Structures are given as C-alpha cells and as structure tokens.
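Student: Its first residue numbered 65, the sequence shown is counted upward by one per residue in this note's numbering.
Idealized CB from N, CA, C, for every residue including glycine.
As the structure is a computational prediction, the values presented were derived from the model and not from experiment.
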Amino acid sequence: MSDQDKDRADAAKLPEGDVVAVLLTQHATVRDMLDQVKNSTGDQRQQAFTALAGLLTAHETAERSVIRPVTEQTAGAAVVEARNAEEAHADEVVAKLKTLDVTSGDFETQFAEFTQAVSDHAEAEEHEEFPTIIANRSEEERHALGHQFLTAFAEAGGTR
Ligand SMILES: [Fe+2]
Ligand SMILES: [Fe+2]
Numbered sequence: 065m066s067d068q069d070k071d072r073a074d075a076a077k078l079p080e081g082d083v084v085a086v087l088l089t090q091h092a093t094v095r096d097m098l099d100q101v102k103n104s105t106g107d108q109r110q111q112a113f114t115a116l117a118g119l120l121t122a123h124e125t126a127e128r129s130v131i132r133p134v135t136e137q138t139a140g141a142a143v144v145e146a147r148n149a150e151e152a153h154a155d156e157v158v159a160k161l162k163t164l165d166v167t168s169g170d171f172e173t174q175f176a177e178f179t180q181a182v183s184d185h186a187e188a189e190e191h192e193e194f195p196t197i198i199a200n201r202s203e204e205e206r207h208a209l210g211h212q213f214l215t216a217f218a219e220a221g222g223t224r
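#1: Measure from the alpha carbon of Glu197 to the alpha carbon of each residue in Glu80, Val94, Val84, Val143, then state which is nearest.
#2: Using a Cβ-based criterion (distance less than 6 Å to any ligand heavy atom), does Glu193 qualify as near ligand 2?
#3: Evaluate the contact criterion for the region 206 to 222 versus the region 94 to 112: three or more CB pairs, one atom per stretch, below 8 Å.
#4: Is it right to say Gln180 is buried, meaning 16 or more other beta carbons lie within 10 angstroms of its own, or is it exposed?
#5: If we count Cβ pairs, one from each stretch, closer than 8 Å, do we get three or more for the region 120 to 136 versus the region 165 to 173?
#6: Which class does Gly222 belong to by DSSP, given the choice of helix, strand or coil?
#7: Rounding to the nearest angstrom, what Cα-Cα distance links Glu219 and Ser66 in this structure?
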C-alpha cells in the first residue's frame, strides 16, 4: 500500500470532519502532488509545482496556528519545536525551488531531497502528534479543531 493509500485508509477510520482525518487526507494529497511534479515535465511540471507549493504553504500555516497549540499540551514542547523547525526549513527550500527552472537537473536533485524531507515530516506528525490528539481530545473537540483548521487553511490560500 502506498503512503497516500495508508493515509486515506487511516482517515476513513475516523469520523468525518475529525481534525486528524482532515490532516491525513491533506497529507495524501501532498504525496499525490509530489508524485505529479516528479512524473511530469515542462509547463505541466511548473503548474504541478506551483499548486503543490500553494497547498503546502496553506497546510503548514494552518498547522502552526491551530494544531501546534494543541500538541504543545498533548505531545510536549520538544515535539512542537521539532515540527516547527522542519516546516521553517521546508519554507526556505520551497523559496529556493521557486527560483529554479523546473526542467533543470538542479531542480530534479533538490526536489528529490525536498520530497524525502516532506515525507519524513508528515510521518513524524502522523506518529508523534496525531495519536496524542486522538488520545487527549474528545470527538467533539476534534471536530471543532477540524473546522478551525480548514478555516485557517482557507485563510492561508488553501483551496483543497
Ligand atoms: Fe506540517
Ligand atoms: Fe501536516
């Protein structure tokens, strides 16, 4: 099973609108879009990368504002610091990738590294943060957090 299939299968086990289901579904979309960038060329690759960058920016912005205040309590400050640092680094890499020609070897190399970093970051959230939200927040609280997350995501320019 691919990582995105596993994310979707895990999301399907949770109530609709549960914040962890929303997060897992977005992780699956991010993984799909990483594959699209890798497997496309020219203008299509440029469009796919622009869409991926927009999705990631909105996803991480909403995580920082809505999820981290929760996981600071449920997973601890060290976990929050590690995830925020990974996201800050990813922001820098996206800014760098945006300056490169998507058809260049430089882009290919740096995008491959970026893909691994994004995937590792998502895995860390899925293992160190999400289970603690499920264990320490009620279904009602998680539903409300899902709504807050999607509102923050939309405010940050997210469209899916
Ligand atoms: Fe994140
Ligand atoms: Fe995430």
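Tutor: According to the structure shown:
#1: Here residue 197 refers to the residue found at position 133 of the sequence shown. According to the sequence as given, residue 197 is Ile; it is not Glu. Among Glu80, Val94, Val84, Val143, the Cα nearest to that of Ile197 belongs to Val84.
#2: Position 129 of the sequence shown holds residue 193. Taking 6 Å as the cut-off, the C-beta of Glu193 does not count as close to any heavy atom of ligand 2.
#3: Taking a cut-off of 8 Å on C-beta distances, the region 206 to 222 does not touch the region 94 to 112, as fewer than three cross pairs fall below it.
#4: Translated into positions along the sequence shown, residue 180 becomes position 116. By the beta-carbon neighbour count (other beta carbons within 10 angstroms, threshold 16), Gln180 is exposed.
#5: Using a Cβ-Cβ distance cut-off of 8 Å, the region 120 to 136 and the region 165 to 173 are not in contact, since fewer than three pairs of beta carbons, one from each stretch, lie closer than that value.
#6: The residue given as residue 222 occupies position 158 in the sequence shown. DSSP places Gly222 in coil when its eight states are reduced to three.
#7: For this step, residue 219 is matched to residue 155 along the sequence shown. For this step, residue 66 is matched to residue 2 along the sequence shown. Across the structure, Glu219 and Ser66 are spaced so that their CA atoms are roughly 30 Å apart.
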